[in-house]
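To keep things clear, I will list the structure first and then write my remarks on it.
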Amino acid sequence: MTNRDLQVGRVLRASTRGFAIGCAVMQPEIPAFGSFVRAEGQASGEAIYGLIYDVSIEDDPFVRQFIGANPPEEVVRDQRENRQVPIEVSVLAVGCGDGETIRHCLPVQPPVTLDWLYQCRSEEIRAFTSRFDYFRLVLDSRDVPTDELLAASLRAAAAARPENERERFLVSAGRELVRLLAGDPTRLEGLLHRLRT
Amino acid sequence: METGNGSPFYILVRTGVTLELSQLSEDVRTMAEVIANRHQTTVDLVELARQWLAEHAGDGAPLRRAARNAQKTAIPTEEPLDAVHPLPRMPERFAVAAADGSQIQPDRHGAVLYYLINVGSLVYHHGSGKAPEAKSESILGYTEEDLYEQGMRVAGNLLDVRRDLAELKRLADVCENEGSSSTVALIDGSMVLWVLSDSPPGARSRKATAYLDQLDRIRCSGGIVGGFISRPSYNEIAHLLYLASLNGDTNRAEKHPNPLERLPDRAIFARLPPGARSALFVSSKKISQTDYAPRGHEVHFFYLNVVEEGQDPIIARVEVPAWVARDTGKLDLVHGAVVAQARITGDYPYALARADELAYISSRERAAFEEMVMTALLRAGVRSTPSPKAHYKRLTRMR
């Protein structure tokens with residue numbers, strides 16, 4: 001991935017545990033489940049990292065009108081390109097940084113309403129996933145598809161690395177999961193299976 | 198005031214109720230019964246109107262002069278009164294442009310006196326497979342010249358006229374840009390500037406001229422224009438049929454009550470086949486005769502069933518200027534374009550629905566705009582706040 005500050009959307013509401021983003025148009029791969037994203041923190045250079053765990057399109061009575069009607073192509077394109085049908089993206093906070101170091105912890109303060117949320121660049125993803133401390137934050141989260149999210153984020157992190165490093169990265173991540181989920185072999189097996197597929 | 202469990206909120210919520218539904222239930226039941234009884238009366242009147250329509254279908258020519266002298270009475274054209282025109286064959290490609298507007302009225306309780314008109318428009322190219330062109334344009338009025346007309350504040354009907362003109366100007370711009378003879382510009386509502394009634398005579402004529410100038414632009418561009426009226430409540434045809442039943446005797450028509458007085462014309466034409474239109478008629482509106490007609494824009498109209506085969510009729514009224522009414526090709530294009538547009542949603546032109554959406558100023562957008570105004574005023578060194586009344590209204594309505 002070679003994304004350069006691709007904007008996902010703006011912050012709708014936020015807490016230190018996570019935030020919701022609104023965006024108008026869905027683009028290829030943005031926003032995508034399991035993606036690493038970054039919002040700016042309150043202080044200069046501060047960043048809040050998160051993982052997208054849900055992408056939902058809000059109900060729209062006008063669109064409902066056309067669901068069973070086989071609308072013309074012009075209408076489909078109007079709805080997709082011109083109308084601001086809000087897409088809501090939910091993000092789990094998994095870390096923060098000050099421009100030099102990245103910590104796998106919840107941010108001290110959430111981002112502010114209408115702040116931009118960016119897709120992380122490949123080098124940011126590599127830096128963030130050079131350690132696996134954020135696994136605990138994901139695995140302990142409630143109301144989030146934790147195992148699917150962790151597997152998707154690791155696949156994204158592997159894709160951000162050169163091809164010859166990907167397998168080694170995933171094996172390291174798998175070892176960390178074995179350590180964390182040693183007491184729950186069924187869950188561990190499921191997660192490792194997701195990583196392989 | 199606290200409840201037994203010590204919570205003050207229960208009482209607050211209860212006293213906050215402003216509409217006591219239980220007090221209204223009896224009235225609502227009675228209203229439903231009255232409406233049900235009225236429905237049977239309407240059915241009988243529709244039968245009478247259709248009987249007169251059939252009996253006097255060929256009397257258009259002798260009725261024309263009498264209709265022009267009568268009040269609120271549709272004027273027949275050359276077509277038989279009961280003519281039915283099926284949905285015409287349409288070209289593979291044609292464009293429909295629609296514009297609609299909304300406004301923020303000047304508010305003397307606001308931080309500053311201004312008005313805002315927002316015009317939304319959509320240009321939909323049928324058969325292109327492309328996304329329509331959507332646009333919103335705003336006009337901010339804040340100078341003395343903007344805000345007052347001959348000592349009267351520009352609000353209500355006076356502002357409506359400016360909005361209508363802005364909508365038509367937008368359509369004229371689109372038609373000139375398109376430069377095509379197969380572009381249909383749709384106005385939301387009547388082509389007749391009824392809102393001019395609040396204007397003094399001199400100003401009325403000036404505003405009508407400005408409006409007709411835009412119709413001229415559309416005509417010169419090669420475009421076509423029409424006004425779409427959803428669920429019309431006009432009764433000009435009902436008046437014409439009553440006059441016909443009296444053999445065109447306007448004196449008797451004025452002296453005796455018309456049994457069809459409250460019957461909307463759309464009920465008479467509810468038997469139009471899907472996609473078909475009624476005969477053309479000329480509008481009885483005075484301004485159409487005095488101002489529109491000399492410039493070739495005399496307003497004509499027809500009724501139209503927009504739905505597809507097998508569905509309950511949805512009757513709309515479509516108004517067109519004389520130069521469209523007298524050109525079969527243009528008239529067919531308006532007829533077919535309105536049906537094509539309405540069938541996208543099922544019953545209402547898609548482009549008009551979208552233009553309305555693009556024009557609409559939501560309460561959130563309005564609040565954001567007011568915030569922007571306050572900030573700009575502060576930067577300019579002006580400290581201005583809403584009146585106490587506006588302030589408390591905002592506080593009590595935030596729930």
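Protein sequence lines, in the order shown, are assigned to chains A and B.
The first sequence begins at 1 in our numbering and counts up one residue at a time.
The second sequence begins at 198 in our numbering and counts up one residue at a time.
For glycine and all other residues, C-beta sits at the position ideal for the given N, C-alpha and C.
Every beta strand (DSSP E) of 3 residues or more that sits fully in the region 299 to 338 of chain B is shown, in chain order, as 312 to 323 and 330 to 338. Contact between Val-535/B and Val-503/B holds: CB atoms are separated by about 7 Å, below the 8 Å threshold. Where Gln-237/B is concerned, the enclosing alpha helix (DSSP H) starts and stops at 218 to 252. Boundaries of the beta strand (DSSP E) harbouring Asp-385/B: 380 to 385, taken from the DSSP string. Secondary structure note for Ser-402/B: its alpha helix (DSSP H) is the uninterrupted segment 398 to 418.
For a Cβ distance threshold of 7 Å, residue set Glu-73 and Glu-74 of chain A lies close to Gly-326/B, ordered along the chain.
Looking only at Asn-444/B, Val-422/B, Trp-520/B and Asn-432/B, the smallest Cα-Cα distance to Pro-259/B is reached by Asn-444/B.
Per the C-alpha coordinates, the member of Leu-245/B, Pro-585/B and Ala-550/B positioned closest to Phe-62/A is Ala-550/B. None of the residues of the region 45 to 59 of chain A has a beta carbon lying less than 9 Å from any beta carbon of chain B. The continuous beta strand (DSSP E) containing Gln-119/A extends over residues 116 to 119. Closest by C-alpha distance to Leu-530/B, out of Ala-519/B, Ser-430/B and Phe-291/B, is Phe-291/B. Exclusion of the five residues before and after Pro-429/B leaves Arg-463 and Arg-514 as the residues of its chain whose Cβ lies within less than 6 Å of its Cβ.
Using a CB distance below 7 Å, the part of the region 327 to 356 of chain B facing chain A consists of Lys-327, Ala-328, Pro-329 and Ala-331, ordered along the chain. Under DSSP, His-193/A takes part in no beta bridge, so it has no partner. Around Asp-78/A, the beta-carbon contacts reaching into chain B at under 9 Å are Leu-319, Tyr-321, Ala-328, Pro-329, Ala-331, Tyr-547 and Arg-551. If you draw a straight line from the Cα of Val-422/B to the Cα of Gly-526/B, it is about 13 Å long.
The Cβ-Cβ distance between Leu-177/A and Leu-192/A falls below 8 Å. Scanning chain A for C-beta atoms nearer than 7 Å to the C-beta of Ile-541/B yields Pro-71, Pro-72 and Val-75, reported in chain order. Cβ neighbours of Arg-13/A within its own chain (closer than 6 Å, five residues either side excluded): Ala-20. Measuring C-alpha to C-alpha distances from Leu-92/A to each of Leu-117/A, Arg-166/A and Glu-74/A identifies Leu-117/A as the nearest. Taking 8 Å as the threshold, the shortest C-beta distance from Glu-88/A to chain B does not fall below it. In the assembly as shown, Ala-173/A is a buried residue. Its beta-carbon has 16 or more other beta-carbons within 10 Å.
The region 277 to 285 of chain B and the region 298 to 305 of chain B do not touch, with fewer than three beta-carbon pairs separated by less than 8 Å. The C-beta distance from Leu-528/B to Ala-331/B rounds to 28 Å, too long to meet the 8 Å contact threshold. By the neighbour-count definition (other C-beta atoms within 10 Å, threshold 16), Trp-520/B is a buried residue.
Exposure of Glu-289/B is indicated by the presence of fewer than 16 other C-beta atoms within 10 angstroms of its C-beta. Residue contact with chain B for Asn-164/A: absent (no Cβ-Cβ distance below 8 Å to any residue of chain B). If you check the CB distance, Tyr-489/B and Val-496/B come in under 8 Å. Between the C-alpha atoms of Gly-324/B and Gly-507/B there is a straight-line separation of about 25 Å.
Chain B places a beta carbon closer than 8 Å to that of Glu-81/A, counting this residue as a contact. Rounded to whole angstroms, the gap between the alpha carbons of Arg-126/A and Gln-65/A is 45 Å. Excluding sequence positions up to five before and after Arg-367/B, its CB lies within less than 6 Å of the CB of Ala-296, Val-316 and Ser-318, all in the same chain and listed in chain order.
Gly-45/A and Ala-157/A have their C-alpha atoms spaced approximately 23 Å apart. Take Ala-152/A, set aside five residues on each side of it, and the residues of its chain with a beta-carbon closer than 7 Å to its own are Phe-33 and Gly-34, in chain order. Beta-bridge pairing by DSSP links Gln-7/A to Tyr-118/A. Beta-bridge pairing by DSSP links Pro-273/B to Phe-478/B.
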